[in-house]
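J.: Have a look at this one before I ask anything.
4 protein chains.
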Amino acid sequence: MTKTTRFTGVFPILATPFDDNENLDLDSFARLIRFMARLGVNGVTILGVLGEANRMTDAERQAAIETAVAAADGRLPVVVGASHRGTRAALELSRMAERLGADAVMLTPAQEPVPSEERIFEYFARVADGMELPIVVQDHPASTGVHMAAPLLVRLAREIPRVACFKEEAVPTAPKIRALIEGLGERRVPILTGLGALYGIFDLQAGSDGFMTGFAFPEVLQAMVRAMAGGRPEQADQLYRRFLPLIVFEQQPGVAVRKEILRRRGLIAGGKVRHPGGGLNPHAAAQLDQLLQQLLPGVDLGAPLQL
Amino acid sequence: MTKTTRFTGVFPILATPFDDNENLDLDSFARLIRFMARLGVNGVTILGVLGEANRMTDAERQAAIETAVAAADGRLPVVVGASHRGTRAALELSRMAERLGADAVMLTPAQEPVPSEERIFEYFARVADGMELPIVVQDHPASTGVHMAAPLLVRLAREIPRVACFKEEAVPTAPKIRALIEGLGERRVPILTGLGALYGIFDLQAGSDGFMTGFAFPEVLQAMVRAMAGGRPEQADQLYRRFLPLIVFEQQPGVAVRKEILRRRGLIAGGKVRHPGGGLNPHAAAQLDQLLQQLLPGVDLGAPLQL
Amino acid sequence: MTKTTRFTGVFPILATPFDDNENLDLDSFARLIRFMARLGVNGVTILGVLGEANRMTDAERQAAIETAVAAADGRLPVVVGASHRGTRAALELSRMAERLGADAVMLTPAQEPVPSEERIFEYFARVADGMELPIVVQDHPASTGVHMAAPLLVRLAREIPRVACFKEEAVPTAPKIRALIEGLGERRVPILTGLGALYGIFDLQAGSDGFMTGFAFPEVLQAMVRAMAGGRPEQADQLYRRFLPLIVFEQQPGVAVRKEILRRRGLIAGGKVRHPGGGLNPHAAAQLDQLLQQLLPGVDLGAPLQL
Amino acid sequence: MTKTTRFTGVFPILATPFDDNENLDLDSFARLIRFMARLGVNGVTILGVLGEANRMTDAERQAAIETAVAAADGRLPVVVGASHRGTRAALELSRMAERLGADAVMLTPAQEPVPSEERIFEYFARVADGMELPIVVQDHPASTGVHMAAPLLVRLAREIPRVACFKEEAVPTAPKIRALIEGLGERRVPILTGLGALYGIFDLQAGSDGFMTGFAFPEVLQAMVRAMAGGRPEQADQLYRRFLPLIVFEQQPGVAVRKEILRRRGLIAGGKVRHPGGGLNPHAAAQLDQLLQQLLPGVDLGAPLQL
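Chains as they are written, first to last, in this note's numbering: chain A, 2 to 308; chain B, 2 to 308; chain C, 2 to 308; chain D, 2 to 308.
Encoded structure:
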């Protein structure tokens, strides 16, 4: 049976917690996922860039998936990043996710010496042929070096039924979202925006169906999506403006800032980033302190934000 | 006689106006510069990335410099982007700027097949030896592919007296600004932040002496700098937060959005971008409309903002 | 009147000579060109990558073109590199070449943040519309970061009559040459191979019409082309094999090795490379010594090789 | 007990054979290794770029290592590529190699958004601290985007005793090998050259201790090394020149050409390359045919070449 997930709303990209020795901290990971279930997000995505998947072994991936699926316990879909430089290996990682009970996989192609749209198409088609999970196509040239023009994405949606969502983060995102919506026509695959919600309000205005990104307060994105769905765009805009300094602060390269926020929220025991990724700069930590106090004075970060 | 400019405050990076046929529009350029003088900015920088210098011939560069110097008319310093892949040519472009009456040059090194800190040092040293203008060192790996570690920048400041300013836009900027300040010690070359002011408040907190960037409302940055200098950081922060959606909107790749704002401000006759640069997407134009109405309802964009 | 040049045979890419102070050495440049005329090559190409065009000012470009055209004196066509990041500037450089009497221009597009085949097409089309010289399309992703698939190149040839030649150096070259020939059909634009002749024999076998490259002994390439044309492929192969160690040695990054050979041939006064380009490493110089002695023992390098 | 391997001579980089369905073909892999033992090479390196390690899962890596170690059966050292974007994962892969009986690991660092020599040093130091195998440091900027200057490599050798060899393939290789030898002084770590032996003779002249590369006829490289060691440099040179057309032909991007040669030698059942890697172009196949016939007319490719 093919699983079905509706890819609208908010799918937080989750960090992978590590202890001080860089071992997987699965307790924290489960806590993080249970918290997301409590928030009522529409799903979670694990083992993406923020999840430092590219610094993990396959065995660690397996442990992370098992923990996530168990912690989610059917209450929310678990999307698993399964990108790999090799198509066959991407399929193997996707099958592993399927076998372990995940609800979807997220895939992005890798840069090749001679770019080829046909090979990119085949990459997705072959994975789709070899397993039964829905596929989220991640379009993020800044991390992959791969540029997929809108017509190629439209073709993926049209010719590969398993393509179930676009995670759109090719700047400028809003015009690309518009181009995708126009190109897709009746095969209107949901489009979620990423990039830490940097262009969040503009992307929602352009027709994005929500967010799949790592902003450390998914409640904010949920409230934005609710406001848009409820015909209150001004409210969405107010939320965006209020939290934009933090959204921007999180844009700094690396995942240390986000992990630190999750730590302060009590969701993960420590903010350790795997080497060679950079840890939290002390000045950045002080700035984050000040920023959080300003944005959320006296608020218990450990509880879901009331917005 | 060596010219001296104090590199603190706000140095807008100026767009280069073109007419619909992509010819230089020097009237608009002069108007733009006179407006900046009227704002009382601390200087202007022409022929940077936003100035589409990399799409202009040397003759056009000359015309632009002449126009800028004449329009500035001694009321504000004119900094001229003079980067070139060849050191000798960078020197020639710098000399041209000097000959035409510019007040400083801005330089960034180019990516070489085999990176070499020594060659980068020599690049700046040779230009410094061959002319008498102060040098602004631009540190912007996103556009150059060149990473200059803080110790190299400190060495440039220590060993090349003509190095007069850093335009710091290597993310994460705030920690790098702190590292520079610590490394520079008594040879405290001013540091201006760029990147369209994206991390503006964080960079000011870190010790930046102001801005050298292309945000289309320099008045906002001036007010932020004044607020910081006057011991009113909360006010600086409020300004940053208020205008952050526009700052973010301007981050979209290309210069079309900024040129359109300048056009709406009546500063340039048209927002034409030189091919192959992208023009303004119609959806982006509509979003910009809405954004400006929200931020500055009923405000005459043609007059300096009252903040 | 549109000039016509037949782009078959050998078009050496010429180095630009500089004196010890990095000034243009136009005497040497003229000597170099006269020597090429004496060799009977089919044309010369100046101001390419080997010509360090990216380290020169426009005024220097002008001087180089004037010298080349004068020295060629109608005896051989002069192709001028006119690539620029801006389409309009590429057109200006092309017009300068036309005005100064050049016979063709060579153009390659520049990498843009969001790649677009349409923009690449327009780049060539606009230059073609604005002047009357034939255009050599250079396909060299290693230096440009731009990948042009065979169908795009075919479209350029079909829709832009001024496109007169492909300089093909996208690896693997031989299969791409075959794909081009098949795609071009009756609009069989000549294809010259580059890359210092690294894959020379394989490219000739694939149907290349000759060479446009900087190998320092064009006589060898001429003899190879003659042998192929004369139905003596074994002879072409023998020449290739004989000189392959030097062809490979010249593949080392930078232009110092080739300039040194030209110096030893008495064609240019000195092998100076413009900063930040690297000069000749002493070990490399010694290896070159040995290599030349082995390849051409007792041969007067200043005279055309007798092959 | 720390294993010791003398890193001089020839260490072929091995392809990983796959069947038509892209499954690991371990029979062929074992045959390949036994053939190398029969050749008397000084060791083999598996799971490098040629080995398509970046298209394999960890479980497949494990199977490949087990097969290689078993097939080597103590007759020749097995070096295992263990590079990973994460330091901890590189250590895990190295420990897996150690546990399965490998003799050394080969490591190259990965490109980070903000380059840092210190992080690169730590990458090697941490792996060295966590296991007991010798480390081959691969210096190949073309595939990694990481430039390691000679002083950094020297520091690695001086401060990390487990660093046992440099696989040098940063062009220009010969001058870098000289710089390394001078910098290393008494801590003279062996230096093997790679790049498919493209600059083989020049690198041997510069002091390289041999080859670690994927040229499909290791016998040729062995004979070259023997000739140099035996004081017969002319013979080494003759071998280089003879096989240079094939060395060059193998430089074409991808691994299809080499796998095809191995197939023709009867060492692997098929030349399948994992998607999205390109398969053998039919024109390239025909050219390879001709080239092999020319180079080795009537020779049984399945037997070790008699040189």
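C-beta: ideal position from N, C-alpha, C; glycine also.
So the candidates are Met-132(A), Asp-238(A), Glu-119(A), Val-115(A); which of them puts its Cα closest to the Cα of Arg-100(A)?
T.: Within the first sequence, the letter at position 99 stands for residue 100(A). Taking only the C-alpha atoms, the option nearest Arg-100(A) is Met-132(A).
J.: Which ranges would you report for the alpha helix (DSSP H) in the segment 124-179 of chain B if only whole runs of at least 4 residues count?
T.: 142-145, 151-160
J.: DSSP on Met-213(D), reduced to helix/strand/coil?
T.: In the fourth sequence, the residue the question calls residue 213(D) occupies position 212. It is coil, neither helix nor strand.
J.: Leaving aside the five residues before and after Phe-125(A) along the sequence, list all residues of the same chain whose C-beta is less than 8 angstroms from its C-beta, in chain order.
T.: In the first sequence, counting from the first residue as 1, residue 125(A) sits at position 124. Hits under 8 angstroms: Leu-108, Pro-110, Ile-136, Val-138, Leu-157, Ile-161, Val-164.
J.: Who are the neighbours of Gly-87(B) on chain C, taking C-beta pairs under 9 angstroms?
T.: Taking the second sequence and counting its residues from 1, one reaches residue 87(B) at position 86. Within chain C, the residues near Gly-87(B) are Glu-23, Glu-53, Asn-55, Arg-56, Met-57, Thr-58, Arg-275, His-276, Pro-277, Gly-278.
J.: Pairing CB atoms from the segment 42-62 of chain B with CB atoms from the segment 300-307 of chain B, are three or more of them under 8 angstroms?
T.: no
J.: Quick one: any contact between the segment 265-280 of chain C and the segment 217-230 of chain D, if contact means 3 or more CB pairs under 8 angstroms?
T.: Under the 8 angstroms Cβ criterion, the segment 265-280 of chain C does not count as touching the segment 217-230 of chain D, having fewer than three qualifying pairs.
J.: Just reading off the alpha helix (DSSP H) that Ala-207(A) is part of, what are its end residues?
T.: Position 206 of the first sequence, counted from the first residue, corresponds to residue 207(A). Start and end: 201-207.
J.: On the CB-based measure, 16 or more other CB atoms within 10 Å of its CB, does Asn-43(C) come out buried or exposed?
T.: Here residue 43(C) is taken as the residue at index 42 of the third sequence, counted from 1. Asn-43(C) is buried by the Cβ-count criterion.
J.: Applying the 10 Å Cβ sphere with the 16-neighbour rule, what's the burial state of Asn-24(D)?
T.: Reading the fourth sequence from its first residue, position 23 is the one you call residue 24(D). Exposed: under 16 other Cβ atoms inside 10 Å.
J.: Can you round the beta-carbon distance between Pro-234(A) and Arg-242(B) to whole angstroms, since I take them to be within the 8 angstroms contact cut?
T.: Within the first sequence, numbered from 1, the residue matching residue 234(A) stands at position 233. Within the second sequence, numbered from 1, the residue matching residue 242(B) stands at position 241. Between Arg-242(B) and Pro-234(A) the Cβ distance is about 20 angstroms, and since that is not below 8 angstroms, they are no contact.
J.: Measuring CA to CA, which of Met-149(D), Asp-104(D), Asp-140(D), Arg-127(D) is closest to Glu-118(D)?
T.: Working through the fourth sequence from its first residue, we reach residue 118(D) at position 117. Nearest of Met-149(D), Asp-104(D), Asp-140(D), Arg-127(D) to Glu-118(D), Cα basis: Met-149(D).
J.: Assign Arg-56(D) to buried or exposed, taking buried as 16 or more other Cβ atoms, counted over all protein chains shown, within 10 Å of its Cβ.
T.: Sequence index remark: in the fourth sequence, residue 56(D) carries index 55 (1-based). That one is buried.
J.: With 9 angstroms as the C-beta to C-beta threshold (strictly closer), list the residues of the segment 134-152 of chain A near chain C in chain order.
T.: Pro-142, His-148, Ala-150
J.: Identify the contact partners of Val-155(C) in chain D, using a Cβ-Cβ distance below 9 angstroms as the criterion.
T.: Locating residue 155(C) in the third sequence gives position 154, where the first residue counts as 1. Those within 9 angstroms of Val-155(C) in chain D number zero; the least Cβ separation is about 17 angstroms.
J.: Between the segment 247-259 of chain A and chain C, which residues of the former have a C-beta closer than 7 angstroms to a C-beta of the latter?
T.: none
J.: Do Leu-92(D) and Arg-127(D) have their C-beta atoms closer together than 8 angstroms?
T.: Translated into the one-based positions of the fourth sequence, residue 92(D) becomes position 91. Translated into the one-based positions of the fourth sequence, residue 127(D) becomes position 126. For Leu-92(D) and Arg-127(D), yes; Cβs fall inside 8 angstroms.
J.: Using a Cβ cut-off of 9 angstroms, pull out every chain D residue sitting near Val-226(B), in sequence order please.
T.: Within the second sequence, residue 226(B) is the residue found at index 225, counting from 1. Those within 9 angstroms of Val-226(B) in chain D number zero; the least Cβ separation is about 27 angstroms.
J.: I'd like the list of long-range same chain contacts for Arg-266(C), defined as Cβ closer than 6 angstroms, with 5 residues on each side in sequence excluded.
T.: As a working mapping, residue 266(C) is identified with position 265 in the third sequence. Counting only Cβ-Cβ distances below 6 angstroms, and skipping sequence neighbours, we find Leu-302, Gly-303.
J.: What does the Cβ neighbour count give for Glu-187(A), buried or exposed, with the cut at 16 atoms within 10 Å?
T.: On the first sequence, residue 187(A) is found 186 positions in, with the first residue counted as 1. Looking at its Cβ environment, which holds fewer than 16 other Cβ atoms inside 10 Å, Glu-187(A) is exposed.
J.: Could you name the residues of the same chain whose beta carbon sits closer than 6 angstroms to that of Gln-236(A), not counting the 5 residues immediately before and after it, in chain order?
T.: Taking the first residue of the first sequence as 1, we reach residue 236(A) at position 235. Hits under 6 angstroms: Ala-228.
J.: If you measure beta-carbon to beta-carbon, which residues of the segment 169-183 of chain C are closer than 7 angstroms to chain D?
T.: Val-172, Pro-173, Ala-175, Pro-176, Arg-179
J.: What is the DSSP secondary structure of Asp-59(C), counted as helix, strand or coil?
T.: Position 58 of the third sequence, counted from the first residue, corresponds to residue 59(C). Three-state DSSP puts Asp-59(C) in a helix.
J.: Determine, for Glu-261(C), whether the minimum Cβ-Cβ distance to residues of chain B falls below 8 angstroms.
T.: Reading the third sequence from its first residue, position 260 is the one you call residue 261(C). For Glu-261(C), the answer is no, since every Cβ of chain B falls outside 8 angstroms of its Cβ.
J.: I want to verify the contact list: residues of chain A whose CB lies under 9 angstroms from the CB of Pro-110(C), in sequence order.
T.: The sequence position of residue 110(C) within the third sequence is 109, counting from 1. Under the 9 angstroms cutoff, chain A gives no residues; its nearest Cβ is about 15 angstroms from Pro-110(C).
J.: Short check: CB of Lys-260(C) to CB of Ala-31(C), under 8 angstroms?
T.: Mapped onto the third sequence, residue 260(C) falls at position 259. Mapped onto the third sequence, residue 31(C) falls at position 30. The answer is no: Cβ separation not under 8 angstroms.
J.: Any chance you could list the alpha helix (DSSP H) runs of at least 4 consecutive residues sitting entirely within the segment 219-283 of chain B, in chain order?
T.: Here the runs fully enclosed are 219-230, 234-250, 257-265.
J.: When you compare each of Glu-220(B), Leu-181(B), Leu-40(B) to Asp-204(B) by their alpha carbons, which one comes out closest?
T.: As a position in the second sequence, residue 204(B) is number 203, starting the count at 1. If we check each option's Cα against that of Asp-204(B), Leu-181(B) comes out closest.
J.: Can you tell me where the beta strand (DSSP E) holding Thr-6(C) begins and where it ends?
T.: Along the third sequence, one-based indexing puts residue 6(C) at 5. Where Thr-6(C) is concerned, there is no enclosing beta strand (DSSP E), given that its DSSP letter is neither H nor E.
J.: Chain D beta carbons: is any one of them nearer than 8 angstroms to that of Val-221(B)?
T.: Sequence index remark: in the second sequence, residue 221(B) carries index 220 (1-based). Cβ-Cβ to chain D under 8 angstroms: no for Val-221(B).
J.: State the CB to CB distance for the pair Phe-12(C) and Phe-212(C), rounded to an integer number of angstroms; the pair is presumed to be in contact (CB under 8 angstroms).
T.: Taking the first residue of the third sequence as position 1, residue 12(C) is located at position 11. Taking the first residue of the third sequence as position 1, residue 212(C) is located at position 211. Yes, they are in contact, since the Cβ atoms of Phe-12(C) and Phe-212(C) sit about 7 angstroms apart, within 8 angstroms.
J.: At a Cβ threshold of 8 angstroms, is Glu-99(D) touching chain A?
T.: Here residue 99(D) refers to the residue found at position 98 of the fourth sequence. For Glu-99(D), the answer is no, since every Cβ of chain A falls outside 8 angstroms of its Cβ.
J.: Where does Leu-101(C) sit, in a helix, a strand or coil, going by DSSP?
T.: Within the third sequence, numbered from 1, the residue matching residue 101(C) stands at position 100. Leu-101(C) falls in the coil class under three-state DSSP.
J.: Excluding five sequence neighbours on each side, which residues of the same chain lie with their C-beta closer than 6 angstroms to the C-beta of Gly-329(C)?
T.: The question about residue 329(C) has no answer, for chain C in this structure spans 2 to 308.
J.: So that I know if they touch, is there some Cβ in chain B lying closer than 8 angstroms to that of Arg-127(A)?
T.: Position 126 of the first sequence holds residue 127(A). No, because no Cβ of chain B sits closer than 8 angstroms to the Cβ of Arg-127(A).
J.: Using a Cβ cut-off of 8 angstroms (strictly closer), state whether Asp-20(C) contacts chain B.
T.: Within the third sequence, numbered from 1, the residue matching residue 20(C) stands at position 19. No, its Cβ sits nowhere closer than 8 angstroms to a Cβ of chain B.
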